[in-house]
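Input: a single structure, listed below in C-alpha cells.
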Amino acid sequence: MSDRNRAVSIVMIEDDEGHARLIEKNIRRAGVANDIVTFGNGSQALDYLLNARLPRPYLILLDLNLPDMTGADLLSAIKSNDNTRRAPVIVLTTTDDKHEVEKCYDLGANVYIVKPLNYDSFANAIRQLGLFLSVIQVPID
Amino acid sequence: MKRAEPSLTNLNAALAAAGVAVLLALAYGAHVFSEKTESLAKDVARLAVAEVRISGVYTQVLEAESSQRGYLLVNDPNYLDPFRAARARGEENLAIAVQKLGQLNIDAQGLDALREIVSKKYDELEKTVALAQAGQRDAAIDIVRANHGRELMSRIRERTNAELDRLATMRKQWIVELQDSADKMSVADVLGSVAVFLLAALAVAQQFRHSRALASAQQNLAAANDALEHRVAARTRDLKRANEEIQRYAYIVSHDLRAPLVNIIGFARELETAFATVKPLVETACDEPGAEKALAEKALAAVRDDIPEALKFIRSSTSRMDALIAGILKLSRLGGLALQPQAIDLDQLARDCIATVAHRLNGAGAQVEIEGRLPSLVGDRDALSQVFANLLDNAAKYLSDARVGRIVLRGRQTAAQTIVEVEDNGRGVDLKDQSRIFELFRRAGAQDRPGDGIGLAHVRTLARRMGGDIAVRSDGRSGSIFTVTLPNDLRTFLNHEPREDRNV
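Here you go:
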C-alpha cells in the first residue's frame, strides 16, 4: 500500500447512509486504511467504475437493494466490463434468500455476507472482511 | 330446466298409466265379450241340437208309420224292422231335446204335449201291428181307415212345426246377438289397439322430447360447469395473486424494516462504545474538587443509570423487533415453500420429532406416547416434521405445574384425509383464545414462558400449505387437543393448485 496508485480502492455501493457509515467504521476499526469511495445508487457507481480515467484495482462492496437498479444487474454489468471484471465483489445485504445468494454467486460474486442484525456478529463479520481485505492480492493489470 | 323436468316425468307417468288402463280395459272387455260370445255360441249349438232331435222325433214317427203301412199291405215282417226301434229312439230324442231346452231355460211344455200325442200315435200303430200279427189284419186296416192315426199324425206335424218355428226364431235372434257380440269384440279390439298404438306413439314422442330436453339440459349444465370452472379458476387465480401479494408484501416489509433496524442496533452499539470511553472521563471530572455539585450529581446519574438503562431498552426492543421481523419473514417464505411429496410413515416421523424435542420433554418431566400406530401418507417430510416438532414443543412448553405431563399422539385415516391429534394434559387454551393462538405474534394465557407467538402460526401456515388445517379443542383447564387434518396424498392437493401458466 505504499504505492497509492497501486493500492486497492474500496468501492462501496450502499444506499443506506447508516449502513455505509457502520461498515466503514468497522473496516477502519479492523485496521484497513484503503480508500473507500461510497455511492448511494447504482448508476453513479457504474459510471465511476466503468469510465474511470485512471483505472485502479478495485474491491467492490455491493448492497443488493438499490433504489435505481437491482444489485444483480449491477453485478452483471461489473462482471462484463474489462476494467472491472476481475475486481472482487463482496455482496453485503440483509437478504439471506437462498435463490438470491445462488444468483449472486452465479453472476460472479466472490463473497456473500448477510448483514447480521446481531450487532456483535455484524461487527465481527465486517472486521473479518477487513482482515480479508488486508490480505487479498487484488490482480493488477 | 328445473321446472320442465318434473312435468316431463309426470306426463310420461300419465302416458304409461293410461296405456296400462287401456290394456287392462281391453283385456277385460275381450274377456267379457269372448265369454258372452262363447256362451251364446254354446246356446245356439244346444238349441240346434234340440231342433234336430225334435225333427228326429217327427221323422221317426213317419218312419214307424210307413213301416206299419208296409207291413199291413204286404204282410212281410221285414217291414217292421224300423218300426220296432222307432219308439225308443223317439223317446230318446225327445228326452235330449227336453234336456237341452232345460239347459237353455226354455219352456218345454210344448214338447210334453208332443210326447203325449206321439205316444198316442205309437199306441195306435202298435195296436194295429199287434192285430195284424194276431191274424186280424182287417181289423187293423179298419183302425187305420178310421183316420184316427192320420189325425194324430197331422197333430204331431203341427206341434213339431210349431216347436221348430219357435226354436228357429229364438236361434235366429241368438245368432244376431252372437254376431253383435263378436262385432263388438272386434271393434273393442281395434279401438284398443289403436289406443295402445296412439299411446305408444305419444310415449315415444314424449321420450324423444324428453331425451332432447335432457341432452340440451346436459349441454346447458356442461356450459354452466365450464362457466363455473372458469369463475372458480379466476377466483383461485385472484386468491393466489392476493396471497402472493401478501407474501411479497410481508417479505418487503420485513426486509425493509430490517434496514433501519440494522442502523438502530449498529449505532446503539457505537453509542455504547463511545459512551464507554466518555464515562470514566465524566466520572473523573465530577470527582474533581472544582466541579459544581448539582451538575456533577446529574452527570453521574446520567452516565451510571440513565444512559445504560436507555441503551439496555434499545437493545432488548431491537432484538425483539428482530425476532418479530424474522417471524414474518419465515411465514412469508413458508407460503411459497416448494413441497416435495413422498411416502411418509407418520409413526416414524413422529418418533423422530419426539427425539428432537426430547430435551425439553425430559426437562418438563413429561411422558410422550403414541396411541396405536400413526398412519402413513404422501406428504412433505420437512413440513410435517416442523408441524409435529412445533406441536410437541408447544405441548411440552405449556404443561401444567399441577400434574405430571402426559402427551398422547393418535391418528386415523378416512378415504381422503389423515387426522392426527396431539393431546396434552397441560394448562389448556381458553375458549376465547382458541382461534387467536394460530395468529402471528398472538399468545394466550399466562405469559410466563418465552416465545414470540410464531410457532402455532407457523404450524397453521404449513398445514394449510399442504392442503390441510389445524384446530384446537380445550376446556381451558385440563389440557388441549390439537387436531391436524391433512390430505392422504399431497399430490392430489398440489395438482388442484392453479398454476400461473395454466390460466392466462
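Residue numbers (this note's numbering), protein chains in the order written: chain A, 1 to 141; chain B, 1001 to 1504. Think of the CB as a built atom: it goes at the ideal place given N, C-alpha and C, for glycine as much as any other residue. If you're wondering where the values come from, they're calculated on a predicted model, not measured in any experiment.
Interface flag for residue 1248 of chain B against chain A is unset, since no Cβ pair is found closer than 8 Å. Burial check for residue 1258 of chain B: the Cβ neighbour count within 10 Å reaches 16 or more, so the residue is buried. With fewer than 16 other Cβ atoms inside 10 Å of its own Cβ, residue 1031 of chain B counts as exposed. The beta carbon of residue 60 of chain A lies closer than 6 Å to those of 11, 87, 89 in the same chain, with the five residues before and after it left out.
In this structure, residue 43 of chain A lies near residue 68 of chain A, with their beta-carbon atoms less than 8 Å apart. Assigned with DSSP and collapsed to three states, residue 1379 of chain B falls in strand. For residue 20 of chain A, the secondary structure class from DSSP, reduced to helix, strand or coil, is helix. When Cβ-Cβ separations below 8 Å define contact, residue 16 of chain A makes contact with chain B. With contacts defined as CB atoms closer than 8 Å, residue 1346 of chain B and residue 1371 of chain B fail to qualify as a contacting pair. For residue 1411 of chain B, the enclosing beta strand (DSSP E) starts and ends at 1406 to 1413.
If you draw a straight line from the Cα of residue 1023 of chain B to the Cα of residue 1037 of chain B, it is about 20 Å long. By the Cβ rule, the stretch 1313 to 1325 of chain B counts as touching the stretch 1256 to 1271 of chain B, because three or more pairs are nearer than 8 Å. The contact set of residue 1270 of chain B on chain A, defined by CB atoms closer than 8 Å, consists of 22, 25 in chain order. Residue 1417 of chain B carries a strand assignment under DSSP once its states are collapsed to helix, strand and coil. Under the DSSP assignment, residue 1276 of chain B falls in the alpha helix (DSSP H) whose first and last residues are 1148 to 1287.
The beta-bridge partner set that DSSP reports for residue 58 of chain A consists of A:9.
Contact fails between the stretch 1430 to 1438 of chain B and the stretch 1483 to 1499 of chain B, because fewer than three Cβ pairs, one in each stretch, are under 8 Å apart. Residues of chain A with a Cβ closer than 9 Å to the Cβ of residue 1263 of chain B are, in chain order, 16, 17, 18, 19, 21, 22. The beta carbon of residue 1271 of chain B sits closer than 7 Å to those of 1311, all from its chain and outside the five residues before and after it, given in chain order.
Residue environment: residue 1172 of chain B is assigned as exposed (fewer than 16 neighbouring CB atoms within 10 Å of its CB, all protein chains considered). A direct Cα-to-Cα measurement between residue 1209 of chain B and residue 1415 of chain B gives close to 41 Å.
Across the structure, residue 1457 of chain B and residue 1262 of chain B are spaced so that their CA atoms are roughly 26 Å apart. For the stretch 1279 to 1304 of chain B, the set of residues with a beta-carbon nearer than 7 Å to any beta-carbon of chain A is empty. Spatial neighbours of residue 1459 of chain B in its own chain (CB-CB distance under 7 Å, excluding positions within 5 residues in sequence) are listed in chain order as 1387, 1390, 1391, 1470. Taking 8 Å as the threshold, the shortest C-beta distance from residue 70 of chain A to chain B does not fall below it. At least one beta carbon of chain A lies nearer than 8 Å to the beta carbon of residue 1267 of chain B. Any Cβ of chain A closer than 8 Å to the Cβ of residue 1255 of chain B would place that residue at the interface, and such an atom is present.
Residue burial annotation: residue 1269 of chain B is buried, with at least 16 other C-beta atoms found within 10 angstroms of its C-beta. Note that the stretch 1042 to 1053 of chain B does not touch the stretch 1071 to 1083 of chain B; fewer than 3 beta-carbon pairs, one per stretch, sit closer than 8 Å. Not one beta carbon of chain A lies nearer than 8 Å to the beta carbon of residue 1381 of chain B. Residue pairing by DSSP places residue 92 of chain A opposite A:113 in a beta bridge. Under the DSSP definition of a beta bridge, residue 1459 of chain B lacks any partner.
According to DSSP, residue 1473 of chain B shares a beta bridge with B:1481. Legend: CB atoms of the stretch 1201 to 1214 of chain B lying less than 8 Å from CB atoms of chain A are not found in any residue.
Looking at the DSSP output, residue 1318 of chain B bridges to nothing.
At a cut-off of 8 Å between beta carbons, residue 94 of chain A contacts chain B.
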